[in-house]
Amino acid sequence: MNAVDHDLIEAIRDSARDLLSRRDQRQRKRAARAADRDYWQEIATAGWVGMSVPEALGGLGLGWHAMAAVMEEAGRAQLPEPLVGAGVLATALLTRIDPAPGSTLRDQLLQDLCAGTRIIGVAWQETEGQLEAGEAAGAFGVSVTAREGAYVLNGEKRHVIPGAGVDGWLVTADGEHGTALFYVEAGTPGITAHAHTRADGTPACHLSIESATVPADALVARHDVLDAVDHALDYGRLMQSAELIGVARQVLADTVAYLNTRQQFGKPLSSFQALQHRVVDAATQIELAASSLQDALNALADTPDAITVRKVAASRVKARAARAGLEASRLAVQLHGAIGYTEECDVSLHFRSALHLSAWLGNATAHRQRYGALADDPAPLADDADEPDNAAEPFPRDADWNGMPEADFRALLRRFFRAHYPAHLRHVPWRLHWDEIKAWYFTLSRQGWIAPSWPREHGGMALSPARQIAFIEEAERYGVARAPDQGLVMLGPILIRYGTDEQRARFLPGILSGEAVWAQGYSEPNAGSDLASLRCEAVTDGDALIVTGQKTWSTLAQDATHMFMLVRTDKSVKKQAGISFLLVDLNRPGISRRPIRTLSGHEEFCEVFFDQVRVPRANVVGELNAGWGIAKALLGFERLFTGSPKHANHALQQLFSIARQRGLLADPAFTDRLAELRLDSADLTAMYRVFADLARAGRPLPPELSLLKIWATETHERLGALLIQIAEEYGGADMRLGYGNSGVQPLAPYINALAATIFSGTNEIQRNIYAKQVLGLDGA
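Each residue of the sequence shown is one higher than the one before, starting from 1 at the first, in the UniProt record's numbering.
Next up, the structure:
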């Protein structure tokens, strides 16, 4: 991927924010949203109009990431000037086309646009709901005929923005040689602009063109014009989406501030959990839109000429941004009450802006349908047809993994999985017990690949964050089941960071070999999401601790030989301060276990009871009463993978598998619902990818990462619900029963998703935490 200079982007964002703040926004927001020539000149001088125009054509050449940062700030500040209409669309179109032979008009127009001395609209649309330039050619289009050194235009263009205060329009017209592009000066005889105003005050117009004669040198281009217009429209949609994200971010900030100050029934509105959750859901939509936009821009930077990639990306982003902008601003009006319904409150103005932006250049429904029509269908289940059959080649136990090209590293992993992972265990939709998966664990151990993240000196592969992500993603893609890995992914890193040399020597080799199988002992009957309320007690007795109490929801603890657990060692301090991190051999006297059968019929969890169990004090990791900080140490990088899109994407593959068998892909009602869920899954993947890129680059993961878990589990659940629906009677069959002769277990995704919304802190608790700790809805 082309590297994005994040520091430069933030500097551009700060500069844009500063320029916008030096304007009397309250006065400007209530004025007509036509371009103020002086201010247009100022923002052009700042480089905004020419931000994405190559330097060779008179622009700054800073690219679309930089332009998106400007547009987001413009949306927050309600910039009245038509920056998308007269800036992005016009410059993107002119940059893309090949000028007419011998003509300098294209270059002159670009130079004037970048300098701010000319304002130009793009007149391309001919029917309502039109998404691409060539869709409506014919009776409603503009035609052109050549006549004595001039051209005569006739026809109509609709929904042209800007529709007032322009110097001219770039007009597409159909002639005997195809579609050409003309620059038509405002005031040309035969051109009538029928003005109308958008919801937010933006001036638009319908252009009636009746025998309008333009000189021969008004021809800008005559080849590949429709492709160039579509290119400009899609980048216009991406920048429009950035503006919608800015609108949504601003109304969310305004709403949080209002809820923290407005009192109802003697309490601040921010103390009401129902309102907190609604605001968090709006924030989730905003972050999905932002991630989707960034992911799209990254992809297009790598493949700028891939037309289908561009169309799919633009429709995906516009559909999500339109939803985010409308939902956030609509919620803001509601939560502000009566004042939110007036022009005296800024959120109402942002709502009107969202209405305009969401409808212009295609609404969410239109782009969802376009995405569904153009995006590639998920690959069939377990399809490895494109993989080379070279599994017999040797596999190195050790190599410069981080220096190896990523594509080669991933190919090596795929080859290894095909050679050694049991085919019948691919994509198993439930957790496997130790006796079912231990052979694979031993295979990885013998290969030296069992601990990808551990340092070499402790027996690991010492993979960089980028390579760790590649390892996990390839395992997920192939459908490799999780072995009992809590010793590997949790305890091992904790011992490496906090343990003593003696503890590392005692416990790490057993984890690597599989001799010791570890379970986690955190949750208790009254200490699940509120983990700090745990009561399992450890009392000091000489060189030992006497443990009494209970742990529950311990995954596959019936198979474990050891447990790492949190115990209360001091009751006299606040609850987080009196907790210690303890290692326990589960074969010690006084320990009993009771498996818990889930509603899927699988014994996935255990209750573990401790009755005066004597544990050496040397098994305390870190200082006594310092266990809370140790337990939280793995949050961050490991937490990224709780939001992996693997489950949702696999459920989507299963949906397509059954839908193909039943002929449902020809049912418009089904495909519309499917397209919505495909967008949900695609945006989940985009959000994950953005965070993964941060981790690869060694950048800190932001708190928005916690929203990933919410969206991942709930998207998985929605996909599972539709899978049950289309499976008909099989939707109520046993979880392990496949659909017909296929490998699809229709019930598994839904049941597993229900569990995932509860594990690691319920989604409701996650919303509470995000509302208070990130959004600042403190309720104080």
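Ideal placement from N, C-alpha and C gives every residue a C-beta, glycine not left out. The structure displayed is predicted, hence computed values, not measured ones.
- Close-in-space but distant-in-sequence residues of the same chain around Thr192 (CB under 6 Å, 5 per side omitted): The count along the sequence shown starts at 1 and reaches residue 192 at position 192. Leaving aside the five residues that flank Thr192 on each side, the residues in its chain whose CB is nearer than 6 Å to its CB run, in chain order, Ser208.
- Message: Taking 8 Å as the threshold (C-beta atoms), are Glu243 and Glu72 in contact?
- Response: Counting from one through the sequence shown, the residue named residue 72 turns up at place 72. Counting from one through the sequence shown, the residue named residue 243 turns up at place 243. Yes, they are a contact pair.
- Query: With a cut-off of 8 Å, does the C-beta of Ala366 fall near any C-beta of chain D?
  - Reply: Protein chains in the displayed structure number just one, and chain D is not present.
- Task: Taking only runs that begin and end inside the stretch 579-614, name each unbroken beta strand (DSSP E) of 3 or more residues, in chain order.
- Result: With a minimum length of 3 residues, the continuous beta strand (DSSP E) runs that stay inside the stretch 579-614 are 579-585, 591-597.
- Excluding five sequence neighbours on each side, which residues of the same chain lie with their C-beta closer than 7 Å to the C-beta of Leu94? Numbered from its first residue, the sequence shown carries residue 94 at position 94. Only Arg106, Leu109, Leu110 meet the Cβ criterion.
- Whole angstroms is fine: what's the gap from Tyr235's alpha carbon to Val88's? Residue numbering aside, residue 235 sits at position 235 when the sequence shown is read from its first letter. Residue numbering aside, residue 88 sits at position 88 when the sequence shown is read from its first letter. Spanning the alpha carbons of Tyr235 and Val88 requires a straight line of approximately 8 Å.
- Coil, strand or helix - Ala46 by DSSP: Within the sequence shown, numbered from 1, the residue matching residue 46 stands at position 46. Correct three-state label for Ala46: coil.
- Query: Taking C-beta to C-beta, are Gly141 and Glu128 nearer than 8 Å?
  - Reply: In the sequence shown, the residue the question calls residue 141 occupies position 141. In the sequence shown, the residue the question calls residue 128 occupies position 128. In terms of Cβ geometry, Gly141 and Glu128 do not form a close pair [threshold 8 Å].
- Task: May I have a chain-ordered list of the alpha helix (DSSP H) segments no shorter than 4 residues that lie completely inside the stretch 290-337?
- Result: If only complete runs of 4 or more residues are kept, the stretch 290-337 shows the alpha helix (DSSP H) at 307-336, in order along the chain.
- CA-CA distance, Thr443 and Phe641? For the purposes of this step, residue 443 is identified with residue 443 of the sequence shown, where counting begins at 1. For the purposes of this step, residue 641 is identified with residue 641 of the sequence shown, where counting begins at 1. Going from the Cα of Thr443 to the Cα of Phe641 covers about 23 Å.
- Item | Contacts around Pro215, its chain only, beta-carbon distance under 7 Å, and the 5 residues preceding and following it disregarded | The residue given as residue 215 occupies position 215 in the sequence shown. Excluding sequence neighbours, Pro215 sits near Ala150.
- Message: For Val774 and Arg456, what's the separation of their Cα atoms in angstroms?
- Response: As a first step, residue 774 is located in the sequence shown; it is residue number 774 there, counting from the start. As a first step, residue 456 is located in the sequence shown; it is residue number 456 there, counting from the start. Here the C-alpha atom of Val774 lies approximately 37 Å from the C-alpha atom of Arg456.
- Relative to the C-alpha of Trp169, which residue among Gly175, His159, Asp376, Gly178 is closest? What you label residue 169 is simply residue 169 of the sequence shown in a count that begins at 1. Ranked by Cα distance from Trp169, the first of Gly175, His159, Asp376, Gly178 is His159.
- Query: With 16 as the cutoff for other CB atoms within 10 Å, does Arg568 come out buried or exposed?
  - Reply: As a first step, residue 568 must be located in the sequence shown, where it is residue number 568. Counting Cβ neighbours within 10 Å, Arg568 comes out buried, since at least 16 surround it.
- Can you have a look at Ala505 and say buried or exposed, based on whether 16 or more other CB atoms are within 10 angstroms of its CB? For this step, residue 505 is matched to residue 505 along the sequence shown. With fewer than 16 other Cβ atoms inside 10 Å of its own Cβ, Ala505 counts as exposed.
- Item | Boundaries (first-last residue) of the alpha helix (DSSP H) holding Asp18 | Position 18 of the sequence shown, counted from the first residue, corresponds to residue 18. 6-21 is the span of the alpha helix (DSSP H), which, as asked, contains Asp18.
- Query: Relative to the C-alpha of Gly63, which residue among Trp401, Pro304, Ala173, Leu708 is closest?
  - Reply: Position 63 of the sequence shown, counted from the start, is the residue given in the question as residue 63. Out of Trp401, Pro304, Ala173, Leu708, Pro304 has the C-alpha closest to the C-alpha of Gly63.
- Query: Is it true that the CB of Asp680 sits closer than 8 Å to the CB of Thr713?
  - Reply: Taking the sequence shown and counting its residues from 1, the one referred to as residue 713 is at position 713. Taking the sequence shown and counting its residues from 1, the one referred to as residue 680 is at position 680. The answer is no: Cβ separation not under 8 Å.
- Query: For Phe409, is the classification buried or exposed, using 16 other Cβ atoms within 10 angstroms of its Cβ as the cut-off for buried?
  - Reply: Here residue 409 is taken as the residue at index 409 of the sequence shown, counted from 1. Under this definition Phe409 is a buried residue.
- Query: Just the Cα atoms here: how many angstroms apart are Met51 and Leu113?
  - Reply: By one-based count along the sequence shown, residue 51 stands at place 51. By one-based count along the sequence shown, residue 113 stands at place 113. Cα to Cα, Met51 sits roughly 11 Å from Leu113.
- Message: Given this structure, state the Cα-to-Cα distance separating Asn577 from Ser554, to the nearest angstrom.
- Response: Looking up residue 577 in the sequence shown gives position 577. Looking up residue 554 in the sequence shown gives position 554. The amino acid at residue 577 is misidentified as Asn; the sequence shows Ala. Take the alpha-carbon of Ala577 and the one of Ser554: they are about 23 Å apart.
- Query: Got a sec? Which residues, its chain only, sit under 6 Å from Arg30 by beta carbon, not counting five neighbours each side?
  - Reply: The sequence position of residue 30 within the sequence shown is 30, counting from 1. Reliability fails at Arg30, whose pLDDT of 45 lies under 50, so the model's placement of it is uncertain and the value that follows must be treated cautiously. Cβ neighbours of Arg30 within its own chain (closer than 6 Å, five residues either side excluded): none.
- Do the stretch 97-104 and the stretch 38-45 meet, that is, are 3 or more Cβ pairs less than 8 Å apart? The answer is no - the stretch 38-45 does not touch the stretch 97-104, with fewer than three Cβ pairs under 8 Å.
- Message: Can you give me the C-alpha to C-alpha distance between Asn411 and Thr365, rounded to a whole angstrom?
- Response: If you number the sequence shown from 1, residue 411 lands on position 411. If you number the sequence shown from 1, residue 365 lands on position 365. The question names Asn, yet the displayed sequence has Ala at residue 411. Answer to the nearest angstrom: the Cα atoms are 39 Å apart.
- Sort Pro203, Asn298, Thr91 by Cα distance to Leu35 and report the nearest one. Counting from one through the sequence shown, the residue named residue 35 turns up at place 35. For clarity, residue 35 is Ala in the given sequence; the question names Leu instead. Of all alpha-carbon atoms in Pro203, Asn298, Thr91, the one lying nearest the alpha-carbon of Ala35 is that of Pro203.
- Message: Please classify residue 863 as buried or exposed, where buried requires at least 16 other C-beta atoms within 10 Å of its C-beta.
- Response: Outside the modelled stretch of the chain, which goes from 1 to 780, sits residue 863, for which no answer is possible.
- Task: Output yes or no for whether 8 Å exceeds the beta carbon distance between Ala212 and Gly187.
- Result: Translated into positions along the sequence shown, residue 212 becomes position 212. Translated into positions along the sequence shown, residue 187 becomes position 187. In terms of Cβ geometry, Ala212 and Gly187 do not form a close pair [threshold 8 Å].
- Message: How far does the beta strand (DSSP E) with Met563 in it extend, from its first residue to its last?
- Response: If you number the sequence shown from 1, residue 563 lands on position 563. Counting along the chain, the beta strand (DSSP E) containing Met563 begins and ends at 562-568.
- Where does Cys205 sit, in a helix, a strand or coil, going by DSSP? Working through the sequence shown from its first residue, we reach residue 205 at position 205. Strand at Cys205.
- What runs of the beta strand (DSSP E), each 3 residues or longer, lie entirely inside the stretch 416-478? With a minimum length of 3 residues, no continuous beta strand (DSSP E) run stays inside the stretch 416-478.
- Inter-residue spacing [alpha-carbon to alpha-carbon] between Asp667 and Asp734: What you label residue 667 is simply residue 667 of the sequence shown in a count that begins at 1. What you label residue 734 is simply residue 734 of the sequence shown in a count that begins at 1. Distance between Asp667 and Asp734, taken at the CA atoms: about 28 Å.
- Task: Report all residues from its chain with a CB closer than 6 Å to the CB of Gly175; omit the five preceding and five following residues, and keep chain order.
- Result: On the sequence shown, residue 175 is found 175 positions in, with the first residue counted as 1. The answer, listed in chain order, is Val144.
- Query: Would the beta-carbon of Trp430 fall within 8 Å of that of Ser644?
  - Reply: As a working mapping, residue 430 is identified with position 430 in the sequence shown. As a working mapping, residue 644 is identified with position 644 in the sequence shown. Not closer than 8 Å, so no.
- Item | Per-residue DSSP class, three states only, for Ala221 | The count along the sequence shown starts at 1 and reaches residue 221 at position 221. Strand, per DSSP.
- Note the first and the last residue of the continuous alpha helix (DSSP H) segment covering Asn763. Along the sequence shown, read from residue 1 onward, the residue named residue 763 stands at position 763. For Asn763, the enclosing alpha helix (DSSP H) covers residues 763-769.
- Task: Please name the residue, chosen from Phe609, Asp167, Val152, that lies closest to Pro525 on a Cα-to-Cα basis.
- Result: In the sequence shown, the residue the question calls residue 525 occupies position 525. Comparing Cα-Cα distances from Pro525 to each of Phe609, Asp167, Val152, the minimum goes to Phe609.
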